[in-house]
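Written out below as structure tokens is the structure these notes cover.
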Amino acid sequence: MVKRFISALACFACVVTGGIALSACGKKATVVESEEQFIEAVAKGGSIQLGKDISLSKALTISKDVTIDLNNKNISETYNYDKSKNDSTSMFHVVEGGSLTVKGDGKVTTDDLYVFWVKGTDSGNDAHLAVEGGSYTADCSVVYVTYGSAEVKGGKYKIENSTHPEYIKYMLNLNDENGHAGKAKIEVTGGSFTGYDPADSRSEDPAVSFVKQGYESKVQDGVYTVTKK
Numbered sequence: 377m378v379k380r381f382i383s384a385l386a387c388f389a390c391v392v393t394g395g396i397a398l399s400a401c402g403k404k405a406t407v408v409e410s411e412e413q414f415i416e417a418v419a420k421g422g423s424i425q426l427g428k429d430i431s432l433s434k435a436l437t438i439s440k441d442v443t444i445d446l447n448n449k450n451i452s453e454t455y456n457y458d459k460s461k462n463d464s465t466s467m468f469h470v471v472e473g474g475s476l477t478v479k480g481d482g483k484v485t486t487d488d489l490y491v492f493w494v495k496g497t498d499s500g501n502d503a504h505l506a507v508e509g510g511s512y513t514a515d516c517s518v519v520y521v522t523y524g525s526a527e528v529k530g531g532k533y534k535i536e537n538s539t540h541p542e543y544i545k546y547m548l549n550l551n552d553e554n555g556h557a558g559k560a561k562i563e564v565t566g567g568s569f570t571g572y573d574p575a576d577s578r579s580e581d582p583a584v585s586f587v588k589q590g591y592e593s594k595v596q597d598g599v600y601t602v603t604k605k
């Protein structure tokens, strides 16, 4: 029993060498320290660990299985879009066949409409997003789902838009038609949301609860936190 316990602990040990984070269990994560390396790693798919803060000059498309460990680093963006045209842009586009998991501590901030846009297709393989940790600030929605699904398991969420402060109600948001048809889904089992209650999301009409059964949303000082009952 002791040996098995030690062996299990060893699986969590990790060293970084030659741009690769290698666990004792043999799993590898590509360590990225620049935008170029980050873009290349996302295109290849697999596990990615941030070695430095990353500033993106363009949005990234996720079409494979990708896991990003923020590793106490931050992701920001330098590109701009025309807000007067209400462009539907985001930092991460999770498209048909793509699956993105984001974990670890770190900040992800954007002036674009969305941080994550899950946009699979009606007839194709569903796109999927899982957010397990991190802090996120967006202009309108942190998570928007057209087709596919998103799981919010942890993290901190905020909307900052001085021109349209009412956008806070869209922090988590579904395409209306696809949400009603069950083709776009969001499930919340954790996380803290400033000024937004995922158990009573006014992004939808009528309002819906994104909080999974068996979990609850409680508010303190304007921050709604989801935990297991």
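When the sequence shown is numbered by the working numbering, its final residue is 605 and no position is left out of the sequence of numbers.
Think of the CB as a built atom: it goes at the ideal place given N, C-alpha and C, for glycine as much as any other residue.
Values in this document were obtained by computation on a predicted structure and should not be read as measured data.
Simplified DSSP assignment, three categories, for residue i
i	result
Q596	strand
Y533	strand
H540	coil
A583	coil
K440	coil
G524	strand
Q425	strand
E563	strand
E412	helix
E453	strand
D573	coil
D445	strand
K434	coil
CA-to-CA distance, residue j to residue i, given in whole angstroms
i	j	result
D488	Y512	12 Å
Q596	Y572	12 Å
S423	D552	33 Å
T443	V599	28 Å
G590	V602	11 Å
G402	Y520	Low local confidence applies: a pLDDT of 48 at G402 is under 50, so the model's placement there is unreliable, and no value is given.
N447	A575	29 Å
H556	V584	10 Å
A440	S577	According to the sequence displayed, residue 440 carries Lys and not Ala. Cα-Cα distance, rounded: 30 Å.
S588	G427	Per the sequence shown, the amino acid found at residue 588 is Lys instead of Ser. Each residue's Cα considered, the two are about 34 Å apart.
Y431	E412	First, the amino acid is wrong: residue 431 is Ser here, not Tyr. Going from the Cα of S431 to the Cα of E412 covers about 10 Å.
S399	V407	Note that S399 has pLDDT 43, beneath the 50 cutoff, so the model's placement of it is unreliable and the number below is only indicative. Using only the alpha carbons, I get a separation of about 13 Å.
Status (buried if at least 16 other CB within 10 Å, exposed otherwise) for residue i
i	result
E580	buried
K404	exposed
F586	buried
E453	buried
A560	buried
P582	exposed
K604	exposed
S410	exposed
A526	buried
K606	Outside the displayed range of the chain (377 to 605) lies residue 606, so it cannot be described from this structure.
Residue i Cβ short of 7 Å to the ligand GTP heavy atom set
i	result
K604	The ligand GTP is absent from the structure shown, which contains no ligands of any kind.
(message) My parser needs the beta strand (DSSP E) runs of 3 or more residues fully inside the region 484-519; what are they?
(response) Taken in chain order, the complete beta strand (DSSP E) segments of 3 residues or longer contained in the region 484-519 are 490-495, 504-507 and 511-514.
(message) With three or more C-beta pairs closer than 8 Å as the rule, is the region 535-548 touching the region 506-523?
(response) yes
(request) Decide yes or no for the touch test of the region 534-544 against the region 500-510: beta carbon pairs closer than 8 Å, at least 3 of them. (result) The region 534-544 makes no contact with the region 500-510, as fewer than three CB pairs between them are under 8 Å.
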